[in-house]
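This report concerns only the one structure given below.
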Amino acid sequence: MDLKALGCVVLLPIQIFYYIVKTTVCWFLPSRRRDLTGDVVLITGGGRGIGRHLAKEFAVRGAKKLILWGRTEKCLKEACEEIALMGTECHYFVCDVANREEVYKQAKVVREKVGDVTILVNNAAVVHGKSLLDSDDDALLKSQHINTMGQFWTTKAFLPRMLELQNGHVVCVNSILSLSPIPGAIDYCTSKASSLAFMESLTLGLLDCPGVGCTTVLPFHTNTEMFQGMRVRFPQLFPPLKPEVVAQKTVDAVRTNTAFVYLPWTMHALVILKSILPQSALEEIHKFSGSYTCMNTFKGRT
247 MDLKALGCVV LLPIQIFYYI VKTTVCWFLP SRRRDLTGDV VLITGGGRGI GRHLAKEFAV
307 RGAKKLILWG RTEKCLKEAC EEIALMGTEC HYFVCDVANR EEVYKQAKVV REKVGDVTIL
367 VNNAAVVHGK SLLDSDDDAL LKSQHINTMG QFWTTKAFLP RMLELQNGHV VCVNSILSLS
427 PIPGAIDYCT SKASSLAFME SLTLGLLDCP GVGCTTVLPF HTNTEMFQGM RVRFPQLFPP
487 LKPEVVAQKT VDAVRTNTAF VYLPWTMHAL VILKSILPQS ALEEIHKFSG SYTCMNTFKG
547 RT
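Numbering (this note's numbering), first residue to last: 247 to 548.
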């Protein structure tokens with residue numbers, strides 16, 4: 247081993263310790279926040295649920311323009327009108343992110359009619375809530391195409407211009423189920439795990455790209471119609487999140503350039519436990535929490 251390599255090996259633990267201390271100190275200090283007044287924000291799945299609340303939160307925080315993508319024009323139009331009443335310019339486009347050609351086509355239309363997107367929020371997702379053997383093959387493919395592959399197409403469509411401008415942010419509204427799967431939602435858990443790997447790789451790949459960042463949000467069960475009927479065994483201990491809270495935390499993470507956000511913060515403990523406990527202990531935790539049966543009453547979006 248040459249001296250340069252040896253020096254890097256010696257410095258590495260010192261650097262790691264420095265960043266741990268720096269991050270700890272930053273928790274107690276006010277963070278510098280991004281000014282959103284010049285940003286054009288595009289939100290997939292923006293017509294309802296968390297996406298709609300995200301649109302309102304970005305509008306409240308002063309975003310210059312909002313663009314909503316989704317598959318249901320009625321919902322998109324209603325959300326767009328609601329944002330316009332708040333005094334923020336808003337546009338909507340019917341677009342299925344699972345369709346690669348449609349994503350690229352609509353991305354071109356957005357650039358021509360609205361301008362360059364500087365904040366991309368990949369929020370669109372579906373869940374079918376069935377076991378593997380009870381799932382329809384087409385439904386399984388649909389969840390993978392929307393929840394995972396859709397991010398590839400949207401990011402490829404808008405990231406190059408962000409890199410040119412040295413101004414941009416890619417956001418993914420993921421799920422804690424990407425790290426701690428449950429039975430009865432195998433399509434959703436698998437697609438979200440793939441989505442998380444995508445964002446982890448993208449975040450590392452953009453470290454040397456000035457002005458462009460990433461944020462991945464991993465919320466616990468959120469009280470939206472998408473998970474209608476899902477039951478948690480101890481709702482007093484693990485209450486479902488409100489979509490407006492998820493939206494607020496997401497926008498704040500974008501403004502502070504925070505890479506990964508766990509909601510609520512207690513989900514950090516879940517990640518730690520999973521990395522140190524044996525599988526048998528994790529199975530007991532799942533039995534205690536009732537995750538084996540929480541999807542039994544699942545209805546989903548009507």
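Here a beta-carbon is modelled for each residue, glycine too, at the ideal position from N, C-alpha and C.
* Asked: Hey, residue 497 and residue 465 are a contact pair by Cβ (cut 8 Å); roughly how many whole angstroms apart?
  -> About 14 Å separates the beta carbon of residue 497 from that of residue 465, a gap too long to meet the 8 Å contact definition.
* Asked: Which whole-angstrom value describes the C-beta separation of residue 402 and residue 424, a residue pair presumed to lie in contact below a C-beta threshold of 8 Å?
  -> Distance from residue 402 to residue 424 at the Cβ level is roughly 21 Å; contact not present, criterion being Cβ atoms closer than 8 Å.
* Asked: Assuming residue 420 contacts residue 372 under a Cβ cut-off of 8 Å, what Cβ separation, rounded to an integer in Å, is found between them?
  -> The Cβ separation is near 14 Å, so there is no contact.
* State buried or exposed for residue 408, treating a residue as buried only when at least 16 other CB atoms are found within 10 Å of its CB. => Burial call: buried.
* If you drop the 5 nearest sequence neighbours on each side, which residues of the same chain put their C-beta closer than 8 Å to that of residue 447? -> Closer than 8 Å at the Cβ level, and outside the excluded window around residue 447, lies no residue.
* Asked: Is the distance from the Cβ of residue 369 to the Cβ of residue 289 below 9 Å?
  -> In this structure, the beta-carbon distance from residue 369 to residue 289 falls below 9 Å.
* Please determine, among 282, 430, 259, the residue with the shortest C-alpha to C-alpha distance to residue 415. => Of 282, 430, 259, the residue nearest in Cα terms is 282.
* Asked: For residue 291, which of helix, strand or coil comes out of DSSP?
  -> Three-state DSSP puts residue 291 in coil, outside helix and strand.
* May I have the straight-line CA-CA distance separating residue 485 from residue 359, to the nearest angstrom? => Between the alpha carbons of residue 485 and residue 359 lies a gap of roughly 42 Å.
* **Residue from 306, 456, 315 whose Cα sits closest to the Cα of residue 349** => Comparing Cα-Cα distances from residue 349 to each of 306, 456, 315, the minimum goes to 315.
* Asked: Enumerated in chain order, which unbroken segments of the beta strand (DSSP E) with a length of 3 residues or greater are wholly contained in the segment 409–478?
  -> The segment 409–478 contains these whole beta strand (DSSP E) runs: 414–419, 458–465.
* **6 Å Cβ shell around residue 280 - same chain, five flanking residues per side excluded** => Answer for residue 280: 501, listed in chain order.
* Asked: Just reading off the alpha helix (DSSP H) that residue 354 is part of, what are its end residues?
  -> Going by DSSP, residue 354 is part of the alpha helix (DSSP H) stretching over 346–359.
* Asked: Should residue 380 go down as buried or exposed, given a rule of 16 or more other Cβ atoms within 10 Å for buried?
  -> It counts as exposed.
* **Run of the beta strand (DSSP E) containing residue 343, from where it starts to where it stops** => For residue 343, there is no enclosing beta strand (DSSP E), as DSSP gives it neither H nor E.
* Under a Cβ-count criterion, where at least 16 other Cβ atoms within 10 Å of its own Cβ denotes burial, should residue 495 be classed as buried or exposed? -> By the 10 Å Cβ count, residue 495 comes out buried.
* DSSP three-state call for residue 404: helix, strand or coil? -> Here residue 404 sits in helix by DSSP.
* Asked: Between the C-alpha atoms of residue 293 and residue 287, what's the straight-line distance to the nearest angstrom?
  -> Between the C-alpha atoms of residue 293 and residue 287 there is a straight-line separation of about 14 Å.
* Endpoints, the beta strand (DSSP E) within which residue 366 is located -> Secondary structure note for residue 366: its beta strand (DSSP E) is the uninterrupted segment 365–368.
* Comparing alpha-carbon positions, which option in 499, 311, 430, 515 lies nearest residue 364? -> Selection 499, 311, 430, 515 evaluated against residue 364 yields 311 as nearest (Cα-Cα).
* Rounded C-alpha distance that separates residue 548 from residue 471 -> Low local confidence applies: a pLDDT of 45 at residue 548 is under 50, so the model's placement there is unreliable, and no value is given.
* State the Cα-Cα distance for the pair residue 374 and residue 301, rounded to the nearest angstrom. => For residue 374 and residue 301, the distance between alpha carbons rounds to 25 Å.
* Label residue 332 either buried or exposed according to how many other C-beta atoms from any shown protein chain fall within 10 Å of its C-beta, with 16 as the threshold for buried. => The residue is exposed, with fewer than 16 neighbouring Cβ atoms inside 10 Å.
* Asked: Per DSSP, residue 312 is paired with what?
  -> In DSSP, residue 312 forms a bridge with 287, 336.
* CB of residue 343 within 9 Å of CB of residue 313, strictly -> Residue 313 sits away from residue 343, with the two beta carbons spaced by 9 Å or more.
* Asked: Tell me the DSSP bridge mates of residue 507?
  -> The beta-bridge partner set that DSSP reports for residue 507 consists of 463.
* Asked: Is the beta carbon of residue 319 sitting closer than 9 Å to the one on residue 340?
  -> Yes. Within cutoff.
* Does the beta-carbon of residue 514 have 16 or more other beta-carbons within 10 angstroms, so that it is buried, or is it exposed? -> Flag for residue 514 reads exposed.
* Which two residues bound the contiguous alpha helix (DSSP H) that contains residue 388? -> Start and end: 383–390.
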